[in-house]
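Notes follow once the structure below has been shown.
There are 2 protein chains.
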Amino acid sequence: MTHGSRHGGQPSSPTPRVRLVDVAREAGLSKTTVSAALNDTGRLSPAVREKARETARRMGYRPNATARQLRAGRAKLIGYVVGEAVDARSVFLESPYFARLTGATAATALRRGYAMVLLPAGSLQSEWADLPLDAVVVTDPDADDRIVDDVLAAGIPVFSDRSVEGRPGAYWVDVDTEAAVRSALDHFHEQGARRPVLVVPDSTTRFHTEVFAAHREWCAEHGLPERVVRVGEAGNGPVVRAVETALTGDPAGRRPDALLVVAEASPPLVLAAARRHGYDVPGDLLLACVSEDVTAEHTEPPVTTLSLRPEAIAEAGIEHLVRVLEQGGREPAGTLVPTRLDVRASSVRQHG
Amino acid sequence: MTHGSRHGGQPSSPTPRVRLVDVAREAGLSKTTVSAALNDTGRLSPAVREKARETARRMGYRPNATARQLRAGRAKLIGYVVGEAVDARSVFLESPYFARLTGATAATALRRGYAMVLLPAGSLQSEWADLPLDAVVVTDPDADDRIVDDVLAAGIPVFSDRSVEGRPGAYWVDVDTEAAVRSALDHFHEQGARRPVLVVPDSTTRFHTEVFAAHREWCAEHGLPERVVRVGEAGNGPVVRAVETALTGDPAGRRPDALLVVAEASPPLVLAAARRHGYDVPGDLLLACVSEDVTAEHTEPPVTTLSLRPEAIAEAGIEHLVRVLEQGGREPAGTLVPTRLDVRASSVRQHG
DNA sequence: TTGAAAGCGCTAACAT
DNA sequence: ATGTTAGCGCTTTCAA
């Protein structure tokens, strides 16, 4: 090989990295002074501070993060793992909600100085016990998730996008379910629907439980029959089948005039199912899905969605995390963030 | 201060973690001995080794990863970032390909002892310069991606799922494009199609360039006209519009009898577009999409897909990475992995 | 076969 | 205002 190979692995030190002491020597100062200058601490004369900085810049100095971590006792590293409530774990990122929550969490965390390590879905704490994690974000945990317990037992604080009330060290951000369900059902009602049907996962997560409860309450208030179809499993197949069940109508053969799908499914597939069952959307069926799927905007007609606003959840969660980690003060365990109903043609009754 | 607060460090350490020296003291041994016992190095009497291990276990000792890193000089941390070729960067994970590649990369890496940090899409090296990354995985970089340059300039090896030939320190795994395109077109041909049309992104990535070339070559070989529609932008909207252009037929008004969509789009949406244009699939149009989208299995008819096998790419890439990092030997810069054609009803001519 | 001691690169008490 | 020094917790020569 001709050209001096500077890449390769560490074994044969690629480029003997510039250390603090090198900068100090070069600038004719001490480590302390240079360190203070770069970290903007201590009392230094402006001239010296500038000189230290200039030298560091010129030499291309990059502080060694590991050494800093060791000194600080914190690694500025957080884990991100999917809880047990998620079924199709190996491919959880394919869900637009998780995809966006994940990306937003990583971005927000980094902005606040924390690197986010993606932990394999469904992995147990033992698999990553060696990592110096300051905290772990557990998405969509079960009511009594084992991963949450494992992490807490290891003395690591847990942050979640689902309520994990009552466990010290566990914090959460969740959506305002009550308001969410009402916004969708109120919208249907305003559009004239009187026989709405709900498709919701048969799970123990707070969100789904509360969706069910909020729907029941709303129906009672409005004197409308409570029609619900529960989905046992996650995935497009099961959800579409549940939708089809919902669309066949009640035992008396009365067909619904509005459909709220809370289980995650591809909006185009839900729409196609409605078509197969002879519904015109929005002519004789108003449709809304709880979904972050962008394909909802591209169907004919576009599908109304109730967005859980994963970015907002991520931001609130990371702010919370940083506050707990850095101020250590007694923070509230939970926070609610609002949802957003994006009304599109699929749920707007035509005039005339 | 009431409780003996060691100097620099955590605000108020939750559980004063057990250190190596604690185990040593408890076992009546030295740090050296315990370290050797736990790492299975050195020459120790079986009795002592067992005693050290037992004590460590009993005390719940967990080695401090940061200290180890500082000693070792490597952090066992790799970065993962999306290259410049990806358009909708903020939501790149919503693409099933990226979602699966990302998850599989994280899982494989962790299995090999490396934690994967998810870096915000489109972020520059400066935003995470502080992280002690041993390597960075750049997905879908442009032909001369700036992120790749930045990372290489920082002396960090780069691994990619797209060819980045010719830059020392850059390694890649890519798909066998030629074989991929041929498998799809051959399949169409076997099913009797004679007027296939290709929809492909107008990008400079090796994959898309080679898809174009392989298609041209295949058409020439088979004496068939080369029909191609280029998509300028990523996203369901632009791709669906390109599909519609492709389906309107050539200037002479001759309509295609097979459609290969290489640009990423939701299969249900592509299918719906074909319907809108009066095609029966697979009756008068055979359809195949390059996609990892699971919704392809749930349409009516299910859509044939050409899978790039992100999991295989991830595994090959991480194996490669580990080899380069740990053996440092002169490894080949690139590897090809095969694709897989999942034939479904959308591309199978009916009998009778 | 085991232990003492040096030091990875950095920051912060404590001098000067 | 700047420098000296002592570690953070671990692994690894090198002595005993």
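Residue numbers (the working numbering), protein chains in the order written: chain A, 1 to 352; chain B, 353 to 704. Beta carbons: idealized from backbone N, C-alpha and C, even for Gly.
State the beta-bridge partners of residue 305/A as determined by DSSP. The beta-bridge partner set that DSSP reports for residue 305/A consists of 289/A and 342/A.
Does DSSP put residue 526/B in a helix, a strand or coil? When DSSP states are grouped into helix, strand and coil, residue 526/B belongs to the strand group.
Tell me the DSSP secondary structure of residue 441/B in three-state form. Confidence at residue 441/B is low in this model, with a pLDDT of 46, below 50, so its placement is unreliable and no value can be given for it.
Identify whether residue 310/A lies in helix, strand or coil by the three-state DSSP scheme. Three-state result, residue 310/A: helix.
When we look at the beta-carbon of residue 684/B and count the other beta-carbons within 10 Å, is it buried (16 or more) or exposed? So residue 684/B counts as exposed.
Limits of the beta strand (DSSP E) - the one that residue 418/B falls within: Looking at the DSSP string, residue 418/B is not in any beta strand (DSSP E); the run it does join, the alpha helix (DSSP H), is 417 to 424.
Limits of the alpha helix (DSSP H) - the one that residue 237/A falls within: 236 to 247 is the extent of the alpha helix (DSSP H) around residue 237/A.
With DSSP as the reference, label residue 29/A as helix, strand or coil. Residue 29/A: coil per DSSP, three-state reduction.
Please report the Cβ distance between residue 301/A and residue 346/A, rounded to the nearest whole angstrom; I am assuming they are in contact, meaning their Cβ atoms lie under 8 Å. Cβ atoms of residue 301/A and residue 346/A come within 8 Å of each other, at about 5 Å.
Cβ of residue 103/A within 8 Å of any chain B Cβ: Taking 8 Å as the CB threshold, residue 103/A lines the interface with chain B.
Bridge partners of residue 548/B, per DSSP? Answer is 610/B.
DSSP three-state assignment for residue 371/B, whether helix, strand or coil: Correct three-state label for residue 371/B: coil.
What does a CB cutoff of less than 6 Å around residue 248/A pick up in its chain, not counting 5 residues either side in sequence? Shown here for residue 248/A: not one same chain residue has a beta carbon closer than 6 Å to its own, the five before and five after excluded.
Residues in the region 472 to 505 of chain B having any Cβ partner in chain A nearer than 8 Å: So the close ones are 472, 473, 475, 479, 480, 481, 482, 483, 484, 486 and 504.
Going by DSSP in three states, residue 162/A sits in which element: helix, strand or coil? In the structure shown, the three-state DSSP call for residue 162/A is coil.
Given a threshold of 16 other Cβ atoms within 10 Å of its Cβ, counted over all protein chains shown, does residue 380/B qualify as buried or as exposed? Looking at its Cβ environment, which holds fewer than 16 other Cβ atoms inside 10 Å, residue 380/B is exposed.
Closer than 9 Å between beta carbons: that is the criterion. Which residues of the region 287 to 310 of chain A meet it against chain B? Those residues of the region 287 to 310 of chain A placed with their C-beta closer than 9 Å to a C-beta in chain B are 292, 293, 294, 295, 297, 298, 299 and 300, ordered along the chain.
So residue 460/B and residue 670/B are in contact, right, with Cβ under 8 Å, and what is the actual spacing, rounded? Residue 460/B to residue 670/B, Cβ: 4 Å. Contact.
Would you decide whether residue 340/A is buried or exposed? Buried here means 16 or more other CB atoms lie within 10 Å of its CB. Classification of residue 340/A: exposed, given that the 10 Å Cβ count is below 16.
Residue 668/B and residue 689/B: beta carbons closer than 8 Å? Yes.
Proximal residues to residue 591/B (C-beta, below 6 Å), its chain only, five neighbours per side dropped: Within the same chain, residue 591/B has close Cβ partners 583, 615 and 617.
Neighbour list for residue 686/B in chain A, Cβ cutoff strictly below 7 Å: The premise fails here: residue 686/B is roughly 15 Å from chain A at the closest Cβ pair, so nothing lies under 7 Å.
Determine whether the beta carbon atoms of residue 560/B and residue 552/B lie at a separation below 8 Å. For residue 560/B and residue 552/B, yes; Cβs fall inside 8 Å.
Check whether the region 168 to 178 of chain A and the region 242 to 260 of chain A are in contact - that is, three or more C-beta pairs closer than 8 Å. The region 168 to 178 of chain A vs the region 242 to 260 of chain A: no contact.
Inter-stretch contact (C-beta, 8 Å, three-pair minimum) for the region 172 to 186 of chain A and the region 208 to 217 of chain A: The region 172 to 186 of chain A vs the region 208 to 217 of chain A: in contact.
Is the shortest distance between the beta-carbon of residue 446/B and the beta-carbons of chain A less than 8 Å? Taking Cβ atoms only, chain A reaches closer than 8 Å to residue 446/B, which makes this a yes.
Other residues of its chain near residue 256/A: CB distance less than 6 Å, five sequence neighbours each side excluded: Scanning its chain for C-beta atoms nearer than 6 Å, with the 5 sequence neighbours on each side dropped, one finds around residue 256/A the residues 195 and 197, in chain order.
Within the same chain, show all residues whose beta-carbon is closer than 7 Å to that of residue 348/A, passing over the 5 residues directly before and after it, in chain order. For residue 348/A, where only same-chain residues beyond five positions count, the Cβ hits under 7 Å are 191 and 282.
Under a three-way DSSP split, which group does residue 115/A fall into? Three-state DSSP puts residue 115/A in a strand.
State the start and end residues of the unbroken beta strand (DSSP E) segment that holds residue 78/A. Residue 78/A -> beta strand (DSSP E) spans 77 to 82.
Between residue 580/B and residue 623/B, is the Cβ-Cβ spacing less than 8 Å? At least 8 Å separates the beta-carbon of residue 580/B from that of residue 623/B.
Once DSSP output is grouped into helix, strand and coil, what is the label at residue 688/B? Strand at residue 688/B.
Sorted by chain position, which residues of the same chain lie with C-beta nearer than 7 Å to residue 471/B's C-beta, five sequence neighbours on each side aside? Apart from the 5 residues on each side of it in sequence, residue 471/B sits with its Cβ closer than 7 Å to the Cβ of 431, 432, 433 and 480 in its chain, given in chain order.
Residue range of the beta strand (DSSP E) that includes residue 579/B: Its beta strand (DSSP E) spans residues 579 to 583.
Alpha-carbon spacing of residue 137/A relative to residue 69/A, whole angstroms: Going from the Cα of residue 137/A to the Cα of residue 69/A covers about 20 Å.
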